[in-house]
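Chemist:
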Amino acid sequence: MHTIAWNSLCQSKLRGGLGFRCVETVNKAFILKWAWKALTDDSSMWSQVIKAKYLKDRNFLDVEQNCGDSGMWKAILKSRTLLNNSICRKIRNGADTSLWFDPWVPSSNSRPTPLKDATLGVAWVKQFINENNQWNVHMLREWFHRNDVKAILNIDLPQGDARDSWLWMGEPNGNFSIKSACRLVKGHTETTTSSPTWKTIWNSKVHHRLKFLWWQLVRDSFPTRGKLSTFMDLPSNLCPLCDQQIETTMHLFWKCNLAKAIWFNTRWGIQTECVMVDNWNDWELWFLMDGNRPQGVSFDEFMTTTLCILETIWKERNKKIHGTAATPLTQLNEQIRRKVVDHEMVTTNGLRELTAWKPPPVGWVCSNSDVAISQDSSFLAAVIRNDKGEVCAIKTGKSVVTDPEIGEALALCMAAELVNSLGYDQLCFQCDNLTVTNVMQPRAAAASHFKLETAKDRFTNYCSKFRSWDLIHTPRACNFIAHNVAKWARLTNTVGSINPVTLETNILDDYVEWSHDNG
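All residue numbers for the sequence shown refer to UniProt numbering, where the first residue is 1 and numbers rise by one.
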């Protein structure tokens, strides 16, 4: 039986492989993991031994290699060059982070060069933080270049006192992973010519397990009878479901009578005989064209259903080969329907998305929030409406952050604080940033994104005081009321509580963007 060569599987996904890692890369990644543990782990038995034997109260990043060190320890020390390329201090109170020697800004310039020198007695990041644990903006602007100041101010400091720690920059949550370490070891030096087909697969939004099925289909790696019969003797090379034609994937999943019946019984009623294609590349090109798919259905949505059909037919085919009774068509259709719903929920993390703004349930209020970024600051906006759709309150605020995601998260926090002060205890938040909505969900991990961790803690604290609350992702097309208020606040430099009657009517519109010129 033909097998896919290991080297082929190790090729980039954009060249048709699966991006498997070679042994040497994985070994170096695991050595890097031990280096990370030596830097960050204070509790395990291993770290205690390492500290007693090798570090002896010295900094891991500075300790020198000795001739008598073990081979493993020498390899760990050697990996520090790579480690330094992917770590950064996680600033909390700044007391343990050196201004001059540590990487401490999670940006392309993690070690910003001060404009002044060390003779002025400034040595720690703590010295740039005020007593209320907020950045001393004036001092930062005296000491650093403008772009560095913007990056520093995008570090959202916690409200309470906490010690600095380390971030692994290879992952959004700041935690070490072998996968990101392998990427670091490889250094992204691979020069490949990507194929549009592989790009379509791996850049799609379908579930990862379905992507692998799709990859198998395009690589023709399903062990059909037609394929197996080319190099081994089989009693028959005919399709086990219809026993009429040679079993190929094109026949099994598209032209077989069972496949035809399943496709026709989808909600789209597709007649496969009307699509004259003989291979999956032509099939994909056909359905990539918008006019050839059901109206209003994206290619990713279409492929989710397609791959659920493939999975169901393949399992039914295997049952037939092993002598199991056939499943009724109605049950197969129901199985496919449930699979599609499950995969779509997982792909979107189960988030509901609005298509039109509607008032919240009786007794609830709804908050729409957004942020408008200027060159050196951001303007936050929150609009609160009751169950009749009436605007109850509008508030704008100003922040020194210029990162849009942090700004969106701070706008949510401002909205929660505002509703709390108004005495409401049942609240539905609507946010048009999908990343922020995912991170701020109550079920999301506390540190799923390190740059939003502080805002999430603050938001969760506010929401703990509500009797009930919800957070929904809304597209920008349904969130223009908050977008417009934030934009207006930036243009007029207005912060604080806003009386709705003082605003132009077209600012308070959910579906139309306000323009100052057309106001």
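Quick reminder that beta carbons are idealized off the backbone N, C-alpha and C, glycines included.
(1) How is S204 classed by DSSP in three states: helix, strand or coil?
(2) How would you label Y511, buried or exposed, when you count the other beta carbons within 10 angstroms and need 16 or more for buried?
(3) Do S421 and K398 come within 9 Å of each other at the CB atom, strictly closer than that value?
(4) Kindly confirm or deny that the region 431-438 and the region 463-480 touch, where touching means at least three C-beta pairs closer than 8 Å.
(5) Distance, Cα to Cα, S110 vs C88?
(6) Does the separation of the CB atoms of S47 and A38 fall below 9 Å?
(7) Leaving aside the five residues before and after G174 along the sequence, list all residues of the same chain whose C-beta is less than 7 Å from its C-beta, in chain order.
(8) Kindly give me the distance between the Cβ atoms of V419 and L410, rounded to whole angstroms, as I take these residues to be in contact under 8 Å.
(9) Reducing DSSP to helix, strand and coil, say where Q441 ends up.
(10) Would you mind working out which of I309, L82, W198 sits nearest E334, comparing C-alpha positions?
(11) By the three-class DSSP mapping on this structure, what secondary structure does K456 have?
(12) Just curious, the alpha helix (DSSP H) that A281 is in, first and last residue?
(13) How about A107 and A52: do their beta carbons lie closer than 9 Å?
(14) Find out if the Cβ-Cβ distance for the pair T304, L210 is shorter than 9 Å.
(15) So what does DSSP say about G407, is it helix, strand or coil?
(16) Hey, quick one: how far does the alpha helix (DSSP H) through F302 stretch, first residue to last?
(17) Using DSSP with H/G/I as helix, E/B as strand and the rest coil, what is D370?
(18) Would you list the one or two residues that DSSP bridges to Q430?
(19) Could you check how far apart the C-beta atoms of L157 and I129 are, in whole angstroms? I think they sit under 8 Å.
(20) Which residue spans inside the region 60-141 form an unbroken alpha helix (DSSP H) run of at least 4?
(21) Measure the alpha-carbon distance for N133 versus G160 and round it to whole angstroms.
(22) For the structure I just gave you, are there three or more beta carbon pairs, one from the region 254-262 and one from the region 287-306, closer than 8 Å?
(23) How big is the Cα-Cα spacing for I394 and E513?
(24) State the DSSP-derived secondary structure class of T189, mapped to helix, strand or coil.
(25) How about the region 354-369 and the region 271-285: do they share at least three Cβ pairs that are nearer than 8 Å?
(26) Taking the C-alpha atoms as reference points, what is the distance between I336 and R317?
(27) Quick one: measure Cβ to Cβ for A455 and I406, integer angstroms, because I've assumed they're closer than 8 Å.
(28) Give the C-beta separation of L184 and N85 to the nearest angstrom, bearing in mind that I take them to be a contact with Cβ-Cβ under 8 Å.
(29) What first and last residue would you give for the alpha helix (DSSP H) that runs through residue 522?
(30) Which parts of the region 136-175 are runs of the alpha helix (DSSP H), unbroken and 4 residues or longer, counting only runs that do not cross its ends?
(31) Hey, could you find the ends of the beta strand (DSSP E) K398 is sitting in?
(32) If we count Cβ pairs, one from each stretch, closer than 8 Å, do we get three or more for the region 475-491 versus the region 359-376?
(33) Between F222 and T306, what straight-line distance do the alpha-carbon atoms span, to the nearest angstrom?
(34) W104: buried (16+ other C-beta within 10 angstroms of its C-beta) or exposed?
(35) Do C413 and R476 have their CB atoms nearer than 9 Å?
(36) Within the continuous alpha helix (DSSP H) that includes L258, where are the two ends?
Modeler: According to the structure shown:
(1) coil
(2) Its Cβ having fewer than 16 others within 10 Å, Y511 is exposed.
(3) no
(4) yes
(5) 7 Å
(6) In terms of Cβ geometry, S47 and A38 form a close pair [threshold 9 Å].
(7) K90, L167, W168, A447, F450
(8) Going by Cβ atoms, the distance from V419 to L410 rounds to 15 Å, so no, they are not a contact pair.
(9) Of the three classes helix, strand and coil, the one that applies to Q441 here is coil, per DSSP.
(10) I309
(11) In this structure, K456 counts as helix in the three-state DSSP scheme.
(12) Before going on, a small fix: residue 281 reads as Asn here, not Ala. 280-288 is the extent of the alpha helix (DSSP H) around N281.
(13) A small correction: the amino acid at residue 107 is Ser; Ala does not occupy that position in the sequence shown. Cβ distance not < 9 Å, so S107 and A52 don't count as in contact.
(14) Contact: yes.
(15) helix
(16) Per DSSP, F302 belongs to the alpha helix (DSSP H) from 299-321.
(17) strand
(18) N368, I472
(19) Confirmed, Cβ separation roughly 7 Å.
(20) 71-78, 80-83
(21) 7 Å
(22) no
(23) 17 Å
(24) The predicted model places T189 with a pLDDT of 40, which falls under 50 and marks its position as unreliable; any figure quoted below should be read in that light. Here T189 sits in coil by DSSP.
(25) With the rule of 3 Cβ pairs closer than 8 Å, the region 354-369 does not count as touching the region 271-285.
(26) 15 Å
(27) 7 Å
(28) 7 Å
(29) Here the chain has residues from 1 to 519 only, and residue 522 is not among them.
(30) As far as the region 136-175 is concerned, its whole alpha helix (DSSP H) runs of at least 4 residues are 137-143, 146-153.
(31) 391-399 is the extent of the beta strand (DSSP E) around K398.
(32) yes
(33) 16 Å
(34) buried
(35) No; because the gap between Cβ atoms is not below 9 Å, this pair is not in contact.
(36) 257-264
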